[in-house]
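Chains as they are written, first to last, in the numbering used here: chain A, 1115 to 1939; chain B, 82 to 464.
Right, dumping it as structure tokens:
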């Protein structure tokens, strides 16, 4: 017993000593275990998401000269970080070249609370606002709770006058004094970004609401916002000067003309759905005046966007009032333009209507934010329509607008509340889709982007007092509209943090980078067009056809493939191709066609250029032309190397796997599992070679049906072809021949439980083979387990087959060459 | 933000009323009370400034120093831009939202007045108004050039102040050609609260003459404008009239003053009842023999027309044009509508009435007024 007492006393003494030591403050501090990883700049992670498994932390950026691009890392500390800071070093590159740290901004990502989440992006805290570190330090918000993620974003603006090549540097973080160094790796591509973006845009700066974040919505602040958006490749609507102040407007046109792809002529309402044409006259006259004074046709970038009247004016809910009002505006604006021209001629300032400035004035485009309206195009001369982007999610939609473009109609598109796989503007969503929408816009010929509001600093679902309510916290409350998490704002006000400028969001940055990608493609196209002309091969040349394999890795039918590596690889490939085209080699991929068995290509370069394709040197012709056909590379990457004037250029183009034949419908067994709708539809083997791509084909008879009792009103005859899951599938394609009248069909996937998912809508033209090509399986699910349960791909008539008298009829189609291309693992 | 600083002070309530700033409803209680200041906004921090909703183009800054600050460290400096695009009469407003961390108070039934210091550094005077919940106008004032200590009395018997969501400041908009901008310094917006709470006097809209217009609380908040208005400063205003030449029965009637909008013509189409109407005894009378009637006097030299319109809750309406000659009362045989006619013209077998509307045709606006007395249910023999 005494022994036990001694032990207790000794233990207590020890404990006391330890306590004293600890309180003395000199005890060894436990090192904070801080996990640090890299994240794609097209991805965001919820604050509590697991980050293990992502690559080691580094800021890796690839950018052209004059471009700003960014990279991000995420940290997750085991213990709370009470204070952190960071310093960014200069970057050193080829031959000792230096890019100053002044060209870099380290942002702290602010997490916004999402209350109503989705299945894939549930309620939680998602990063969006990007606030430069010094502001966060000043606000004493530079801490991270234990177990929380904290992301940091580094933007690098590459000066135009630096050498191309690889640069390195570092960001040194101090987390409660613990030093952590994160490398910066910058690759500068050997070409310069254009001063003005190829893509046109109109992003509303809702000036009335800016005051709620900035305590300032003066014209000066408006200009700050306009310039800020311009840094992000976007044009604000309107030019930042007080409406009615003509002299200020003239100055603004002169200031911004060389910086923007387009600008707008303001309008003034003179009543309900009526605009003030005297006001319009003054502006047109003013633009004409400065055009004459400066010898620049300022009209060539001018546009009208009378949004109060034009917006969705053909929509059922408003068309009775807005549509006729829109027609009046178009008519009267024409008259106003004519009047200005007549007055300028009378005053001797113009010679005739044929003068360039007169012609420019008379052809200012109206941005009609509607689907295409034939009456407005044909009778009112509207040649720029701006439908919602949802119309570019089917082959029919894409084809419809492609044909209009061929007829000379310009197409822009807008987004509002967009989410998911198509141009998301939401915070808890697939961030990448806000970027790769610019890829599909490029591919589909859409030349402009319009968004209704970048500055939704008010709670516009709440009416309080004289107007909309207040957001409790503009930085951390994701929903400003009570409906979505992020729609209506892409900027954050700077005032609260003491900044004289607003702050960007990750979503804004995605758009900036997407438009940069758009410019990459446009630059390549421009250069290729020039070279194709030089090589005398411009007839039928289509740069888009060369880019198609890259498009395939980024999107399908307007929907994101969620291919984070693929997007970066595709962008790098385009950059390489631009470098090759701009080099002494003058290298052009004239044709790059992915066929069933291999890849057909034709390449042009200056004579004496050495070209290596997939590891083999090609024999150069005297004209520098090389035509070839190679098998699909095992890793899905076509490697091209070009040597000219002692320099070597390399490009890696993702071409994917060789398509695998699923079914060529050659015998009865091959069609045995084809399922057709009841009530008369049939599937059979066709042996007539006239209706087969090769050998035999599948013949389906889609039979309409009229319920004799009049009970069933919806009946869509169908035929489903079996497939063993869609997991890891890049593309499905098959050929359909339509011997009858044009017919519109939906292409659907069906799972084991009989649930069907729409993938496409295609109009099969009479007497032609149509290739159906599908890769948008993310629209079914992003989960391979779900996709593996898909058992069939179907052709479904878009409506019941009943003639004008209500009698059911049948429509026969032939299907052949059913292929699947698997993703490269 | 400056926390709620409660300072004890005594005021003579009667003086507030006598100061002449209040327009319309005036509290009749005049004895001395002990009151306190409840700070609504001290304009002390950017966050506090950001808690106010601003409806104008301009800039709000914190201003310190003795020149403009009346209380605490800072005040708000407001510089507005007068937008050309907006119509000339557009009001500029600031909305203080209650029930927030900045203004926790929502029950203002203890409030006898509001006070605020506004320094008008603009060259010209500016019309100013303060409202509660947007539509309850507490008064119209003029911000003279220089310092203005505004005392805005509240007659608690006239309004239900137990649930106030917003407090608004209104500044008149002016043509840009008249003034480029306003420069204002605002500080120390407080509520003067009494120890007791006073609830709105309950006015019963029962009986054969539910609208009598005999005292302040039978007028306050009973009517509002019809259609749309351009400005708080030019919408119709309602006040108690005691001038017997404009009273048909009893000792009071409602005076309605009209104003012109900036582009000319009367601002608003007329006025309409906004309280009590649904609860009237519409269905307790014999439809076939009972009329809804009203008495209105036109003191102007213009022969005008009153378009009486009864709106149901399903937005059906039945109307009647009534001539109202210059300097005359309405003809009682004209200014009436048989309940059966209303019933026949609307859906349903009962009257479910939302509002009684008086469209005014023929007045110009500023300087014109009308007097309304007695909206009644009468049988034919009572005319």
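Glycine included, C-beta positions come from ideal geometry on N, C-alpha and C.
About 20 Å separates the beta carbon of residue 1923(A) from that of residue 1800(A), a gap too long to meet the 8 Å contact definition. Boundaries of the alpha helix (DSSP H) harbouring residue 1422(A): 1421 to 1424, taken from the DSSP string. Residue 1677(A) has a beta carbon lying at 8 Å or more from every beta carbon in chain B.
The Cβ of residue 1476(A) sits no closer than 8 Å to any Cβ of chain B. Across the structure, residue 1839(A) and residue 1771(A) are spaced so that their CA atoms are roughly 18 Å apart. The C-beta separation of residue 1611(A) from residue 1245(A) comes to about 6 Å, placing the pair in contact by the 8 Å criterion.
Under the Cβ criterion of 8 Å, residue 197(B) is not counted among the residues facing chain A. Listed along chain B is no residue with a C-beta nearer than 8 Å to that of residue 1386(A); the closest approach is about 10 Å. Boundaries cannot be given for residue 1387(A), as no alpha helix (DSSP H) includes it and DSSP labels it neither H nor E. Assignment of residue 214(B) by DSSP, reduced to helix, strand and coil, places it in the coil class. 127, 128, 130, 131, 132, 134, 135, 136, 137, 138, 139, 140, 141, 142: these are the residues of the stretch 123 to 147 of chain B whose beta carbon lies less than 8 Å from some beta carbon of chain A, given in chain order.
Residue environment for residue 1835(A): buried (at least 16 other C-beta atoms within 10 angstroms of its C-beta).
Residue burial annotation: residue 1431(A) is exposed, with fewer than 16 other C-beta atoms found within 10 angstroms of its C-beta.
Residue-level contact check: residue 1331(A) touches chain B, since one or more beta carbons of chain B fall below 8 Å from its beta carbon. Just measuring C-alpha positions, the residue of 1848(A), 1903(A), 1935(A) sitting nearest residue 1869(A) is 1903(A).
Assigned with DSSP and collapsed to three states, residue 1614(A) falls in coil, not helix or strand. Residue pairing for residue 374(B): DSSP places it in a beta bridge opposite 417(B), 457(B). One finds 138 in chain B with Cβ atoms closer than 8 Å to the Cβ of residue 1321(A), taken in chain order. The count of Cβ pairs closer than 8 Å, one atom from the stretch 317 to 329 of chain B and one from the stretch 426 to 436 of chain B, stays below three, leaving the stretches out of contact.
Contacts with chain B at 8 Å (Cβ-Cβ) do not include residue 1423(A).
By the neighbour-count criterion, in which a residue is buried when 16 or more other Cβ atoms sit within 10 angstroms of its Cβ, residue 1817(A) is buried.
Taken in chain order, the complete beta strand (DSSP E) segments of 3 residues or longer contained in the stretch 1555 to 1589 of chain A are 1562 to 1565, 1572 to 1578, 1581 to 1584. For residue 1389(A), no Cβ of chain B is located within less than 8 Å of the residue's own Cβ.
For the stretch 322 to 337 of chain B, there are no residues whose beta carbon sits under 8 Å from a beta carbon of chain A. Contact between residue 249(B) and residue 1579(A) holds, since their C-beta atoms are separated by about 6 Å, short of 8 Å.
For residue 162(B), at least one C-beta of chain A is nearer than 8 Å to its own C-beta.
Within 10 angstroms of the beta-carbon of residue 1354(A) lie 16 or more other beta-carbons, which makes it buried. Neighbours of residue 249(B) in chain A, taken as residues whose beta carbon is under 8 Å from its own, are 1579, 1580 in chain order. Between residue 1875(A) and residue 1674(A), the alpha-carbon positions lie close to 18 Å from each other.
Contact annotation: in the stretch 389 to 413 of chain B, no residue has its CB less than 8 Å from a CB in chain A. Under the three-state reduction of DSSP, residue 1663(A) is assigned to helix.
Under the criterion of beta carbons closer than 8 Å, residue 1932(A) and residue 1777(A) qualify as touching, at roughly 4 Å. Collapsing the DSSP output to three states places residue 1803(A) in a helix.
Excluding sequence positions up to five before and after residue 318(B), its CB lies within less than 6 Å of the CB of 338, all in the same chain and listed in chain order. Of the candidates 384(B), 315(B), 197(B), 185(B), the residue whose Cα lies closest to the Cα of residue 273(B) is 197(B). Contacts with chain A (Cβ-Cβ distance below 7 Å) from the stretch 210 to 232 of chain B involve 215, listed in chain order.
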